[in-house]
Amino acid sequence: MFFVFSPALAFAKDHTPEDRGKAHFNNSAFAEGKKSCSTCHPNGRGLAGAGTKTAFSIMGGEQNSLEDVINVCIVNANKGNAIGNNSVEMQELVSYIRSLDTQEGPSERK
6 MFFVFSPALA FAKDHTPEDR GKAHFNNSAF AEGKKSCSTC HPNGRGLAGA
56 GTKTAFSIMG GEQNSLEDVI NVCIVNANKG NAIGNNSVEM QELVSYIRSL
106 DTQEGPSERK
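Those letters in the sequence shown? Residues 6 to 115, per my numbering, in order.
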């Protein structure tokens, strides 16, 4: 018997949804995009309070959920493919963005 080591499986098992969301946030290839979320939001800059909002004005449009905003950014800014609002990856991204509200303020992030 042998075991195949899978770094993704090991990462998924030993990390929280916030950790996995942060990995997606910093991965330029996520959702087949051209750049990462952190390109425009290094260390979560500009996202303070996003996890608790219910209405957003972004890129000339109005969105009613954080999930919809994430997809607007994935498609328009990152040039990737939208992901399902209820997908595991979306929920991990949302968990990471919401975790930013419990950390230091954006002016303290470097």
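Built from N, CA and C at the ideal position, the CB exists for glycine as well. Values in this document were obtained by computation on a predicted structure and should not be read as measured data.
For Ser-62, the enclosing beta strand (DSSP E) covers residues 61 to 63. In its chain, beyond the 5 residues on either side, Ile-102, Arg-103, Asp-106 have a beta carbon closer than 6 Å to the beta carbon of Gly-56.
Going by C-alpha positions, Glu-97 is about 23 Å away from Glu-67.
Listed in chain order, the non-local C-beta contacts of His-46 below 7 Å within the same chain comprise Leu-52, local neighbours out to five positions each way being set aside. DSSP places Gly-66 inside the beta strand (DSSP E), whose first and last residues are 66 to 68.
Between Val-80 and Ile-63, the CB-CB gap reaches or exceeds 7 Å. In this structure, DSSP gives Ile-88 a state outside helix and strand, which the three-state scheme calls coil. Residue environment analysis places Lys-58 among the exposed positions, since fewer than 16 neighbouring C-beta atoms fall within 10 angstroms of its C-beta. Judged by DSSP in its simplified three-state form, Ala-34 adopts coil rather than helix or strand.
Under a 10 Å Cβ-count criterion, Ala-36 is classified as buried, with 16 or more other Cβ atoms of the shown protein chains found around its own Cβ. Of His-29, Phe-61, Gly-65, Ser-70, the smallest CA-CA separation from Asn-83 is found for His-29.
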